[in-house]
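A short worksheet on the structure shown next.
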Amino acid sequence: MRYPFTEIESKWQKFWEDNKTYKTDLSKTERKLYTLVMFIYPSGAKLHIGHWYNYGPTDSWARFKKLQGYNVFEPIGYDAFGLPAENYAIKTGIHPQDSTLKNIDDIREQLKKMGCMYDWDAELMTCAPEYYKWNQWIFLQMYKRRLAYRKNAPVNWCPNDQTVLANEQVVDGCCERCGTTVIQKNLYQWFFKITDYAEQLLDGHNKIDWPDETILKQKNWIGKSEGAEVTFKVVIDENDNSNTVISKDPESIRDEKSSTHIGTKISPSGRNDKEEDLEIKVFTTRPDTLFGVTYVVLAPEHSLVDKITKPEFKAGVNAYRESTKKLTEIERTSTVKEKTGVPTGAFAINPVNGEKIPVWIADYALITYGTGCVMAVPAHDERDFEFAKKFNLPIRKVILQDETNENDELESAFTEVGTMVNSAQFNGVRSDEGITKVIKYLEENNFGKGKINYRLRDWLISRQRYWGTPIPIIHCPTCGEVPVDENELPVLLPYDVDFKLGGESPLARNEKYINVKCPKCGADAKRDPDTMDTFVDSSWYYLRYLDPKISTAAFDKELAKNWTPVDMYVGGKEHSVMHLLYARFFHKFLRDIGLVNSDEPFAKLVHQGVITKDGAKMSKSRGNVVNPDEFTSKYGTDVFRMYLMFMGPYDQGGDWSDKGISGVERFVIRSYELFSQYKDIIKQTSGKDKYDISTLADNEKKVYRKVNQTLKKFNEEIEHFRFNTAIASLMELINELKILEGCSKEVQSYVLQRFAWMLAPVAPHLGEECWQIIGNEKSIFEKPVLFEVDKEALVEDTVNIAVQINGKLRTTVPAPMNSEQNTVKPLVFADEKVTKFTDGKTIVKEIFVKNKIYNIVIK
RNA sequence: GCCGAAGUGGCGGAAUUGGUAGACGCGCUGGACUCAAAAUCCAGUGAGGCUUACACCUCGUGCCGGUUCGAGUCCGGCCUUCGGUACCA
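Position in the first sequence (first residue = 1) + 992 = the working numbering.
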């Protein structure tokens, strides 16, 4: 073996650890650079290729920045709470804490072998009480500001296992464990009011350097739409109004108090048993079509449904509501699925024209969007059109396409801009202008108002699970919700717990945990039995890294001020919306309570792609996980890391194949052999920073130019996470260095130093070794040197101009660099290919692009 | 369904602003070295046509159409694959 990677890699790993090469001095803020990868979920499986693909190249980028003289902070930690550890416990009886800590130990060992610049003093894990204490503290800060609140929300419930299921555990509507049909069950749960920050989350997009696609996804997720809220009064047939109203159940009262979405309005007098008090509020982005409303649709879950449904419609309504419980939101909103719905027998009054229109319930109205009620305008909305066609509801045109006749029958909904008709005083108005005019009219007459609606919903954080952060709230029969005193934190997660299925929350079965005295009145009370969503843990961990041991605060405020926002955040596209939106929300909240002074947590964001195996995501259950050890033991860490970078564009990922790893291995061996040939070359030369290229011999000129061109390209490519082309440029360079032998020692030293410098980020162990072989004293990362590109050496003397005839390449002609058209033209027309093609033809046009192209258009 | 991406030789991919399609690497073919093999080194390698040869021509970036002197790149319409879809993280 000519490249003893085992010795070299362990030698440098030991050196880095012994010398604390990667300990970051956070008190020095000059040229600070905080590089972060999304932390590790320590499930049963060890690190797989996907982890290496995330961490290796990002570390190379961080090393590159270190070589450029930045004070780089690169921490790592563990996102240690979560569902899989708990499921594993249910299956095997092994306690989540035991399995998680064991996994972390294993993973730490693997991580150290990757040779990353991690500052191990900054390591953290979210399942430690010192960490989750501060989840609880932040929760209480939100609670104080009414940003944490409770309301009813559905969960997936398996009636057989008597347990709550995650979406992932529901397969085709059935429990993945027992196959029982899963139903939706309402539970009273905690929410964070992220919707209060919707506008700020949109504004913030202008302040961050993130991929366009990610920002676009977040924008669409937040889903801002401008329109109007319109109030329709409910009319129930006069003859049977005594039967139409049922008594209010306590749950729906809570709903109305806490929900931001439910449209029902209780009259101030408290009388809610008269139909004239009942109102349906709808949100619409098309108030210009208000005169075309021919029916109203409520979401089946809407609390108003029970109150307005006429007795003879009850059976149908109830049956329909049952059937929709089984559908997922994706199924419900599918535009290809046939529309379904049933009438309630009630009617509503369109405020703008006094028309009495029927009220239906249908699953395409969602309780979570807008007010849960839709005003249906079949002529100008596709879903409404389809629904109206199916149930024979009237379709009335109120927007006319300029060239069509009012009486033409519609074949599909007309959703574009046109002229308003059948709309009383608005007739003749262009529909896009009509929107604001109608809103003004609604407001003047108290029929409604202009409104901005967001698709974004509040963040449900309650989880009916054990392995998470306990929610620091005590429920007292007399005092209600009582927050745990901040001095009493953390509310410790008890070790003793029964994981068996059944019941809503495992913690509820731990008597010692659940039963407490009310902090306010001292009476018997109960702790909240739920834990928090693990996205809470990952929403602020980047702040904790700066001083993970601090016990007096969630994080060091001064360090946070100096070191956030994170300069470079790297993680998968799968986190484009949820994690990255939640963290942004947390950061803005922490800013509002004076703990951080920036608006955004992550200044720059890069995604790594997904590495699949045979087209599928790697997972233990599929059994297609590729183990990196297999390759690191055969080729070494550097080769493996470099191969992952060389495979393709970083943000694209790809299907795993080890074909081609030998190419990278060859490159590494050739590099090592090349340096071995020039042992201690630096000690033998004067070592200038720059040479006058015109004074060099031909061979020297060639390698001198090439190494400068490579340095320029390499810098640009690594900067932008284009590792594949950066490495290709190094391969091109080594191919040219065959002629290095004939050069002077000065030029050899000049070239090899720069080559070793470029190797160091992408193959850190090899880079260090080569740097040392040629006669440097220290580790290149201990004492980074910055090599400037010699710009004068970059420019070639001549360039090949492509000659096209009618856009087709016919030949190329060499011309001096930067020649103008009048210089190139005679060269082009002297070419016999050109004369052959232009002979006897008329030249219509000539297009010249400097240093690139000469195109002749002939007829 | 909705939202967001991707599609280029036998394979991974390159072409950074509309300007010579296939950099770099794998594989393959031939040669050198060797008793032989491996390793290494050298040369060739998109498809088709044509030629004794040098050369030359046509086609070619998922599909259909468009804009342009010129399109992998821009526009319109599809197809396929992948990620997310609010309790996997």
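Every residue, glycine too, gets a C-beta built ideally from N, C-alpha and C.
Residue from the options with nearest C-alpha to residue i
i	options	result
residue 1373	1736, 1604, 1280	1280
residue 1158	1496, 1050, 1346	1496
residue 1545	1129, 1304, 1149, 1187	1129
residue 1605	1650, 1564, 1597, 1593	1650
residue 1152	1539, 1571, 1403, 1173	1173
residue 1226	1148, 1278, 1336, 1850	1336
residue 1787	1770, 1808, 1793, 1797	1808
residue 1600	1589, 1190, 1714, 1460	1714
residue 1273	1821, 1286, 1221	1221
residue 1603	1527, 1041, 1121	1041
residue 1608	1837, 1648, 1819, 1780	1648
residue 1076	1328, 1598, 1554, 1095	1095
residue 1773	995, 1000, 1004	1004
residue 1421	1441, 1435, 1393	1393
residue 1734	1742, 1692, 1708, 1755	1692
residue 1144	1283, 1769, 1378, 1452	1452
Unbroken alpha helix (DSSP H) run spanning residue i, endpoints
i	result
residue 1561	Here residue 1561 belongs to no alpha helix (DSSP H); instead the beta strand (DSSP E) covers 1560-1564.
residue 1762	1756-1765
residue 1555	1549-1555
residue 1821	1813-1821
residue 1516	Premise fails: residue 1516 lies in the beta strand (DSSP E), 1516-1519, not in any alpha helix (DSSP H).
residue 1571	1570-1584
residue 1473	Looking at the DSSP string, residue 1473 is not in any alpha helix (DSSP H); the run it does join, the beta strand (DSSP E), is 1472-1475.
residue 1850	Element bounds for residue 1850: not the alpha helix (DSSP H) but the beta strand (DSSP E), 1845-1850.
residue 1157	Where residue 1157 is concerned, there is no enclosing alpha helix (DSSP H), although the beta strand (DSSP E) it sits in stretches over 1155-1157.
residue 1720	1715-1728
residue 1325	1321-1325
residue 1004	997-1010
residue 1655	1653-1669
Residue i: CB within 7 angstroms of a non-hydrogen atom of the ligand GDP
i	result
residue 1359	In the structure shown, the ligand GDP is absent, as is every other ligand, since no ligand is present at all.
Identity of the residues DSSP links to residue i by a beta bridge
i	result
residue 1609	1604
residue 1599	1563
residue 1793	1805
residue 1163	1166
residue 1735	Paired residue(s): none; residue 1735 is not in a bridge.
residue 1365	1290
residue 1769	In DSSP, residue 1769 forms no bridge with anything.
residue 1146	1178
residue 1389	In the DSSP output, where bridge partners are listed per residue, residue 1389 has none listed.
residue 1223	1273
residue 1524	1454
residue 1334	1353
residue 1411	1392, 1422
residue 1640	In the DSSP output, where bridge partners are listed per residue, residue 1640 has none listed.
residue 1340	1226, 1349
Unbroken beta strand (DSSP E) run spanning residue i, endpoints
i	result
residue 1025	1024-1029
residue 1840	1835-1841
residue 1443	1440-1445
residue 1802	1800-1808
residue 1348	1348-1353
What are the uninterrupted segments assigned as beta strand (DSSP E) that are 3 or more residues long and contained completely in the stretch 1272-1318, given in chain order? 1287-1290
Check whether the stretch 1054-1067 touches the stretch 1090-1097, taking contact to mean three or more Cβ pairs, one atom from each stretch, closer than 8 angstroms. no
Are there three or more Cβ pairs, one per stretch, closer than 8 angstroms when the stretch 1321-1332 is compared with the stretch 1177-1194? no
Let me know the alpha helix (DSSP H) ranges lying completely inside the stretch 1059-1140, each 4 residues or longer, listed in chain order. Correct list: 1075-1084, 1088-1106, 1121-1136.
I'd like to know if the stretch 1475-1488 and the stretch 1379-1395 are in contact, where contact means that at least 3 CB-CB pairs between them fall below 8 angstroms. no
Completely contained alpha helix (DSSP H) runs for the stretch 1165-1219, where each covers 4 or more residues: 1190-1195, 1204-1214
Tell me, please, whether the stretch 1762-1772 touches the stretch 1681-1700 by the rule of three or more beta-carbon pairs shorter than 8 angstroms. By the Cβ test, the stretch 1762-1772 is not in contact with the stretch 1681-1700, since fewer than three Cβ pairs between them sit closer than 8 angstroms.
Does the stretch 1357-1372 touch the stretch 1311-1318, meaning 3 or more C-beta pairs lie closer than 8 angstroms? no
So, does the stretch 1654-1662 touch the stretch 1626-1634, judging by three or more C-beta pairs under 8 angstroms? yes
Jot down the residue ranges of each uninterrupted beta strand (DSSP E) in the stretch 1484-1514, minimum 3 residues, whole runs only, in chain order. 1507-1509
Curious, which full-length beta strand (DSSP E) runs of at least 3 residues does the stretch 1418-1467 contain? 1440-1445
May I ask you to verify whether the stretch 1558-1576 touches the stretch 1584-1599, counting CB pairs closer than 8 angstroms and requiring at least 3? yes
Please confirm if the stretch 1429-1447 is in contact with the stretch 1397-1409, defined as three or more CB-CB distances below 8 angstroms between the two stretches. no
Validate contact between the stretch 1800-1820 and the stretch 1720-1740 using beta carbons, cut 8 angstroms, 3 pairs: no
Would you call the stretch 1455-1462 in contact with the stretch 1096-1111, where contact means no fewer than 3 C-beta pairs closer than 8 angstroms? no
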